[in-house]
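S.K.:
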Amino acid sequence: MTAEIINGKELSMELKQSMKEEVALLHKQNIKPHLSVVLVGNNPASRSYVNGKKRASEEIGMSSEIIELPESISQNELLDVISQLNKDKRVHGILVQLPLPKHIDVQEIIEAINPKKDVDGFHPINIGRMMTGQDTFLSCTPFGIIQMLHSRNIPIAGQHAVIIGRSNIVGKPVGQLLLNENATVTYCHSKTKDMKSITKLADILIVAVGRANMIDKDYIKDGAVVIDVGINRLDDGSLTGDVDFDSASEKASYITPVPKGVGPMTITMLLQNTIKAAKGMVK
Ligand code: GUN
Numbered sequence: 658m659t660a661e662i663i664n665g666k667e668l669s670m671e672l673k674q675s676m677k678e679e680v681a682l683l684h685k686q687n688i689k690p691h692l693s694v695v696l697v698g699n700n701p702a703s704r705s706y707v708n709g710k711k712r713a714s715e716e717i718g719m720s721s722e723i724i725e726l727p728e729s730i731s732q733n734e735l736l737d738v739i740s741q742l743n744k745d746k747r748v749h750g751i752l753v754q755l756p757l758p759k760h761i762d763v764q765e766i767i768e769a770i771n772p773k774k775d776v777d778g779f780h781p782i783n784i785g786r787m788m789t790g791q792d793t794f795l796s797c798t799p800f801g802i803i804q805m806l807h808s809r810n811i812p813i814a815g816q817h818a819v820i821i822g823r824s825n826i827v828g829k830p831v832g833q834l835l836l837n838e839n840a841t842v843t844y845c846h847s848k849t850k851d852m853k854s855i856t857k858l859a860d861i862l863i864v865a866v867g868r869a870n871m872i873d874k875d876y877i878k879d880g881a882v883v884i885d886v887g888i889n890r891l892d893d894g895s896l897t898g899d900v901d902f903d904s905a906s907e908k909a910s911y912i913t914p915v916p917k918g919v920g921p922m923t924i925t926m927l928l929q930n931t932i933k934a935a936k937g938m939v940k
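Under this note's numbering, the residues of the sequence shown are numbered 658 to 940, in order.
Here it is as structure tokens:
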């Protein structure tokens with residue numbers, strides 16, 4: 658089998674076109690969706706991600722700002738910044754780019770964000786709502802993955818989804834969203850024994866481990882749908898996923914590439930969440 662590619666970049670462009678129209682309509686009602694992105698320190702990867710988020714916001718006519726703060730900022734100073742953004746009526750969405758410096762208590766920062774402005778979907782209130790299947794902000798990468806599956810009418814109910822990786826940002830929530838859509842979900846992680854025997858049962862295999870080309874055809878059942886969440890930079894500067902694309906494509910029915918796969922969808926879902934926040938759809 659040669660896999661069909663689910664191109665996240667193309668899907669993102671389609672979704673952004675309709676969001677652009679939605680933002681124009683909101684402008685007519687004097688609602689100007691605005692995203693504030695907080696960047697602490699000088700991590701080059703983080704800087705590149707936040708620039709991408711600002712650029713994408715502007716592409717669809719939304720306003721966006723990057724609040725740059727020094728690596729040395731204290732916990733209380735950062736909490737003050739969040740508090741100001743919570744109070745600012747102009748700001749609909751707040752995103753604090755992770756990772757944060759080691760001296761910062763990340764969980765306290767996330768919990769300080771008003772859940773109504775938590776467009777990352779990281780606040781425990783929004784995670785709880787997601788777990789109980791309520792309408793809320795869904796964290797962007799998992800939400801993007803679900804949209805990619807829906808875009809190809811890939812069945813989820815009754816399918817066996819195997820997730821490799823259990824991060825709070827991707828692994829755990831994507832498993833929950835698939836469960837909400839009636840998949841049978843299994844998580845694999847660094848302590849899992851005989852991982853191949855489990856991944857070979859997967860109808861849908863989601864790989865989010867952060868290790869270049871770790872998963873090849875030996876892990877994959879014929880006809881499985883393979884979603885690669887990894888973004889790894891090789892020594893030559895090129896980007897590659899957690900999945901060995903050429904090898905996996907021999908067995909998969911659908912596969913996502915890197916780049917132009919899940920990455921662009923993450924940003925697009927952030928825009929969708931910010932529009933949702935501006936419309937006051939999350940209480
Ligand atoms: N760092 C890597 N991915 C993300 C994300 O989705 N949101 C935030 N805030 N930081 C990240």
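Beta carbons are placed, not taken as given, at the ideal position from N, Cα and C, and that holds for glycine. As the structure is a prediction and not an experimental result, all values here were calculated from the model.
Since V819 is in the beta strand (DSSP E), which residue starts that stretch and which ends it?
M.R.: Note, V819: beta strand (DSSP E), 817-821.
S.K.: Less than 7 Å between the beta carbons of I872 and V864, yes or no?
M.R.: Contact flag set, yes.
S.K.: According to DSSP, is D745 helix, strand or coil?
M.R.: D745 falls in the coil class under three-state DSSP.
S.K.: What is the DSSP secondary structure of I789, reduced to helix, strand or coil?
M.R.: Checking the sequence shown, residue 789 turns out to be Thr, not Ile. In the structure shown, T789 sits in coil (DSSP, three-state: anything other than H, G, I, E or B).
S.K.: At a cut-off of 6 Å, is L752 close to the ligand GUN when judged by its beta-carbon and the heavy atoms of the ligand?
M.R.: Under cutoff, so the answer is yes.
S.K.: State whether the region 726-740 contacts the region 687-699, with contact taken as three or more CB pairs (one from each stretch) at a distance under 8 Å.
M.R.: With the cut-off at 8 Å, the region 726-740 and the region 687-699 touch.
S.K.: With 16 other CB atoms within 10 Å as the buried threshold, where does G815 fall?
M.R.: So G815 ends up on the exposed side.
S.K.: Around the Cβ of R786, are there at least 16 other Cβ atoms within 10 angstroms (buried) or fewer (exposed)?
M.R.: So R786 ends up on the buried side.
S.K.: With a CB to CB cut of under 6 Å and the five nearest residues on each side skipped, what residues in its chain are close to N743?
M.R.: Cβ neighbours of N743 beyond the five flanking positions: N771.
S.K.: Which partner residues does G867 have in the DSSP bridge list?
M.R.: Bridge partners of G867: none, in fact.
S.K.: Would you tell me roughly how many angstroms separate the C-alpha atoms of M676 and D851, rounded to the nearest one?
M.R.: Looking at the two C-alpha atoms, the distance is approximately 44 Å.
S.K.: Quick check on the burial criterion: 16 or more other C-beta atoms within 10 angstroms. Buried or exposed for Q929?
M.R.: It counts as buried.
S.K.: Return the CA-CA distance between T925 and M658, expressed in angstroms with no decimal places.
M.R.: Roughly 30 Å separates the two Cα atoms.
S.K.: Would you tell me roughly how many angstroms separate the C-alpha atoms of A905 and K874, rounded to the nearest one?
M.R.: Cα to Cα, A905 sits roughly 4 Å from K874.
S.K.: I'd like the span of the beta strand (DSSP E) that includes D725, first residue to last.
M.R.: The sequence given here has Glu at residue 725, not Asp. Per DSSP, E725 belongs to the beta strand (DSSP E) from 720-726.
S.K.: Can you tell me the Cα-Cα spacing of E716 and M922, whole angstroms?
M.R.: Cα to Cα, E716 sits roughly 15 Å from M922.
S.K.: Can you list, in chain order, the residues of its chain with a C-beta nearer than 7 Å to that of N783? Leave out the 5 residues immediately preceding and following it.
M.R.: P772, D775, T793, F794, listed in sequence order.
S.K.: Which residue from I884, V831, E765 puts its Cα closest to that of G790?
M.R.: Nearest option by C-alpha distance: V831.
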